[in-house]
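Chains as they are written, first to last, in the working numbering: chain U, 602 to 711; chain E, 1395 to 1505.
Right, one structure below, let's go through it.
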């Protein structure tokens, strides 16, 4: 099993739609998780941190299910500007590094 | 506030030529530093990380090397580039194993 797995997509949704991405991780000892957003040909930028069961920031909600070892990202009322690749990130405390999923591409269409 | 600088933004190099990419961080001390590579349409692959001066951990065997001559300087090098070294190279720092902050990246094309 890969350390961090994501559905690569692309997810093509109309403006205003609600879309959810899932991410599964293999290290049951992981305590914190992150969602990063990466625009085309740009560096990834932190979108949300998840330290407990979940986190909400405006239209974005991240949820953590430790028993099933997955993290989800929900985007409500999608905007054209939400089009990007969303990376699931799990810290590896053993290596003191972050392990990135391969990303899920979202395309919001007018 | 902390900032991270990475250069150059774009680089085209012939096969067999050397490589040196530099990354510096400002506004923090003793950061964890990372080099990642992203192939076109793919995820980020961790190449090297460093928790202190002179301390380098390599993640994958390759013809690249990294050095940390100063606390806030991280350098990625190669003596002879291969075509397969083409990609988007990203330097990042973090205070611990928490969120990482990335430089703007170097898009390397080996021809």
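Beta carbons are placed, not taken as given, at the ideal position from N, Cα and C, and that holds for glycine.
Since this is a predicted model, take the numbers as computed values, not measurements.
- Taking all protein chains in view, the Cβ of residue 663 of chain U is crowded by 16 or more other Cβ atoms within 10 Å, so the residue is classified as buried.
- Taking 7 Å as the threshold, the shortest C-beta distance from residue 1442 of chain E to chain U does not fall below it.
- Among the residues of chain U, those whose CB is under 7 Å from the CB of residue 1494 of chain E are 699, following chain order.
- Apart from sequence neighbours up to five positions away, the residues of its chain that approach residue 1499 of chain E with a beta-carbon distance below 6 Å are 1482, 1484, ordered along the chain.
- DSSP places residue 1479 of chain E in the helix class (H, G or I) of the three-state scheme.
- Short of 6 Å from the beta carbon of residue 1474 of chain E, and not among the five residues preceding or following it, lie these beta carbons of its own chain, in chain order: 1410.
- The beta-carbon of residue 644 of chain U is placed less than 7 Å from the nearest beta-carbon of chain E.
- It is roughly 12 Å from the alpha-carbon of residue 1445 of chain E to the alpha-carbon of residue 1463 of chain E.
- Within 10 angstroms of the beta-carbon of residue 616 of chain U lie fewer than 16 other beta-carbons, which makes it exposed.
- With at least 16 other beta carbons inside 10 angstroms of its own, residue 705 of chain U counts as buried.
- The Cβ neighbour count for residue 645 of chain U, taken over all protein chains shown within 10 Å, is at least 16; the residue is labelled buried.
- For the pair residue 674 of chain U and residue 622 of chain U, the CB atoms are nearer than the 7 Å cut-off.
- According to DSSP, residue pairing for residue 1469 of chain E in a beta bridge involves E:1416, E:1461.
- Of all residues in the stretch 1395-1429 of chain E, the ones placed with a Cβ closer than 9 Å to any Cβ belonging to chain U are 1400, 1426, 1428, in chain order.
- Between residue 1486 of chain E and the set E:1504, E:1502, E:1479, E:1439, the nearest pair of CA atoms involves E:1439.
- Judged by DSSP in its simplified three-state form, residue 658 of chain U adopts strand.
- The beta carbon of residue 1498 of chain E falls within 7 Å of a beta carbon belonging to chain U, placing the residue at that interface.
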